[in-house]
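Going by the UniProt record's numbering, the letters in the sequence shown line up with residues 1 to 290, in that order. All residues carry an ideal CB built from backbone N, CA and C; glycine is no exception. In this text, all values refer to a predicted model and were calculated from it rather than measured experimentally.
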Amino acid sequence: MTKPPATVRELIRETYSSLTQSERKFANLLLENYPAAGLASITIVASNADVSTPTVARMVQKLGFKGYPQFHQALLKELEAKVSGPTKRRDNWATEAPEGHLLNRFAQAVTDNLQQTFSNIDTVQFDAAVLQLSNTEGRLYVVGGRITRALADYAFTHFQAIRQRVTHMTSSSATWPHYVLDMVEGDTLLLFDVRRYETNLQRLAELASERGVKIVLITDQWASPIASVAEHTFNCWVEIPSAWDSNISTMMLLEAMIAATQEESWDKTKDRYDRLDELFDMTRLFRKFS
Numbered sequence: 001m002t003k004p005p006a007t008v009r010e011l012i013r014e015t016y017s018s019l020t021q022s023e024r025k026f027a028n029l030l031l032e033n034y035p036a037a038g039l040a041s042i043t044i045v046a047s048n049a050d051v052s053t054p055t056v057a058r059m060v061q062k063l064g065f066k067g068y069p070q071f072h073q074a075l076l077k078e079l080e081a082k083v084s085g086p087t088k089r090r091d092n093w094a095t096e097a098p099e100g101h102l103l104n105r106f107a108q109a110v111t112d113n114l115q116q117t118f119s120n121i122d123t124v125q126f127d128a129a130v131l132q133l134s135n136t137e138g139r140l141y142v143v144g145g146r147i148t149r150a151l152a153d154y155a156f157t158h159f160q161a162i163r164q165r166v167t168h169m170t171s172s173s174a175t176w177p178h179y180v181l182d183m184v185e186g187d188t189l190l191l192f193d194v195r196r197y198e199t200n201l202q203r204l205a206e207l208a209s210e211r212g213v214k215i216v217l218i219t220d221q222w223a224s225p226i227a228s229v230a231e232h233t234f235n236c237w238v239e240i241p242s243a244w245d246s247n248i249s250t251m252m253l254l255e256a257m258i259a260a261t262q263e264e265s266w267d268k269t270k271d272r273y274d275r276l277d278e279l280f281d282m283t284r285l286f287r288k289f290s
């Protein structure tokens, strides 16, 4: 399977150091409101960024596009991929997937997703997010969406063992105001949101951010709108030969975060593990082998 084409966001990141100050003004505007800021005409986007139209034209050529129309079409295709439902995704794979058994195509797609995901993780940002997740001075809230609530549940089970003051928010958005009521500055919200992005999660993130809560967002390669208020955003590549997206790269990133958080506070975590094992023995929850 050929490597999927780079998104406009990735192209900007790769070429950012070579852009002029004026070109960076447009690039920054686009990244702040991606991809909507680039979907208007070249004169409008240039005006919005307070740069000239030739500046925009030169920048898109540096990204590898022949001109602004090609750049505009690339953004439109990314937007279409964001909002497409399972039937549309399945149709795309049925016509574009290479020949061969589904198992082989699936394995290759997952491998590509993992490579793309981890090659695009900023280690400095990863370490900063881990520090935030291990900070017990504030409470850690964990929440997911319709599909990703399973990831949130998995995260909660592990973080609850690693550290104190962890809250698993229910999947019912009607209960979320009760949690927000107790959120204070210094708390952390670990949030999962992938396409189709959920408006209730976005509103929750906005309310939490207004209260000084630091948001760690795990999303897909196109990025949930929640990224605009998140302290740390991690993009996971998710496309596979299926009507559904894959959570394999998302799960691997999550497990890396869990492991790193455990190491960051190992002395306290080890004590919690020991005491937890004692409780397991007392409750006879697990079978013991002699």
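- Check the Cα spacing between Ala155 and each of Val45, Met252, Lys25, Ser47: the tightest is with Met252.
- Take Trp237, set aside five residues on each side of it, and the residues of its chain with a beta-carbon closer than 6 Å to its own are Asn113, Gln116, Thr117, Gln221, Ser249, in chain order.
- Within its own chain, the residues whose Cβ lies closer than 7 Å to the Cβ of Leu75, once the five positions on either side in sequence are excluded, are Val8, Pro35, Gly38, Leu39, listed in chain order.
- Residue state for Asp220 is assigned as strand, using DSSP reduced to three classes.
- Secondary structure note for Val45: it is in no beta strand (DSSP E), and the uninterrupted alpha helix (DSSP H) holding it is 42 to 49.
- Non-local beta-carbon contacts of Glu78 in its own chain, meaning distances under 8 Å to residues more than five positions away in sequence, involve Thr7, Val8, Pro35, Trp222 in chain order.
- Considering only Arg165, Ser173, Ala129, the residue with the shortest C-alpha distance to Thr136 is Arg165.
- If you draw a straight line from the Cα of Asp267 to the Cα of Val130, it comes to about 16 Å.
- Close CB contacts of Lys25 within its chain, under the 7 Å cut and outside five residues either way in sequence, are with Ala49, Asp50, Val51 (chain order).
- Looking at Thr15, Phe159, Leu19, Ala107, the one whose alpha-carbon comes closest to that of Ala259 is Phe159.
- Given a length threshold of 4 residues, each whole run of the alpha helix (DSSP H) inside the UniProt domain "HTH rpiR-type" (6 to 82) is given here in chain order: 8 to 15, 21 to 32, 42 to 49, 53 to 62.
- Taking a C-beta distance under 9 Å as the contact criterion, Glu239 and Lys214 do not qualify as a contact pair.
- With 16 or more other CB atoms across the displayed protein chains lying within 10 angstroms of its CB, His168 is buried.
- Here Ala107 is exposed: its Cβ has fewer than 16 other Cβ atoms, across all protein chains shown, within 10 Å.
- Selection Ser47, Gly144, Leu217 evaluated against Trp176 yields Gly144 as nearest (Cα-Cα).
- Under the criterion of beta carbons closer than 8 Å, Ser265 and Ser134 qualify as touching, at roughly 5 Å.
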